[in-house]
Structures are given as structure tokens and as C-alpha cells.
Amino acid sequence: MARRSITWILCIAAIALACGPHARRGDGDAHASVPNAHQPEVHSPADTSLATSAKVAVTASDVKFALQVTNLAPHAVELNFPNGQTHEFVVLDTVGREIWRSSTGKMFTQSVQNRVVDSNETLSFRDQWDPRGFHGRYTALAKLRSNNHPVEERVDFVLP
């Protein structure tokens, strides 16, 4: 009986060690990056200034969504994306239920993506939705899917 208890304790300890905290890239000075002379200088998220705006345009046949991200900083800003999906638009009803999501049915690359936004440069992301059968008040969420500069804007709109 004592042997079984010891075996269980050793198994639990092994699992705890295997699942414990690990050093990540960027911890300590061993992995500090040296700027490349051929690339623009990119600053950390703490010293950036991104302005965002989201717009919704309701027409007779569809709803058009737009998300604009502008770098107001005097230097370039790097946006890091975990995969090929850079943005997302979601439509919610008045109680917060999801009605539509722009990424539904789409496939995205699984490779990490980086995008440098120069000073005063604006990135625009757009999509559209066919709202047939829907009427009333809704909220659009416009999301920038960046790991280091995530953005979410909300815009209320009405479907006649």
C-alpha cells in the first residue's frame, strides 16, 4: 500500500514539473534583439499611439463594415498577428447574442504575421454582410487581432 502511495506521489510530481513555468523568449537579456540597419526602427507597445475608428454603412442590400487603424506616433509601430487573420467583424443583437461573424467559413494561414505601420500611416480593413431577414437594433464589433496592439471598437446601427 505504501508503494502505491509513493508511486502516485512521484507521478503527480513528474506531471507538476512537466507542466510548470518555463522561460519564455524575451525573459532576461540573453535574447535581446539588435536592430537591423535595413529595417525601420520599431518601438515597443508602451510608446505607441494608435488611433482607431470603426464605421458601419447600411445599404438596401448589405451592411458594410470598416475598421481604420492610424499610427499617430512619430515612429513606426509593428503589429504582430498570431495567424493570417488580421481583423474580425461581429454583429450582436440587443441582448449580446452573436448574429454574424466575418470569419465564419473562412480559413486563415497558421503562420505568424508581422506588419509595420509607418508614422501617420492608416490601415483599412473592410467586410460586408447580407442581413436578409434581420431588422432592428444591432451592435457591430470591429476587432484588430494583433497580439501586441489588440483593438476593439463598437458601433450601434439599425436595420430597417
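Note that the numbering used here gives residue 334 to position 103 of the sequence shown, counting from 1, and the numbers run on in steps of one. Built from N, CA and C at the ideal position, the CB exists for glycine as well. Computed from a predicted model, the values in this text were never measured in an experiment.
Rounded to whole angstroms, the separation of the alpha carbons of N345 and E309 is 7 Å. Assigned with DSSP and collapsed to three states, N345 falls in strand. Bridge partners of L372 according to DSSP: V321 and R385.
For the options S280, L281 and S292, the alpha carbon positioned closest to that of D361 is the one of S292.
Judged by beta-carbon spacing, S350 lies within the 8 Å limit of N302, meaning their Cβ atoms are closer than that value.
Sequence-distant partners of T353 (beyond 5 residues in either direction) whose C-beta falls short of 6 Å from its own C-beta, in its chain, are Q299 and T301. For L310, the secondary structure class from DSSP, reduced to helix, strand or coil, is strand. Contact annotation: V287 and V386 have beta-carbon atoms nearer than 8 Å.
Membership of Q316 in any beta strand (DSSP E) is not indicated, and neither H nor E is assigned to it by DSSP. Spanning the alpha carbons of Y369 and G336 requires a straight line of approximately 22 Å. Cβ neighbours of L390 within its own chain (closer than 7 Å, five residues either side excluded): V289, P362, F365, H366, G367 and Y369.
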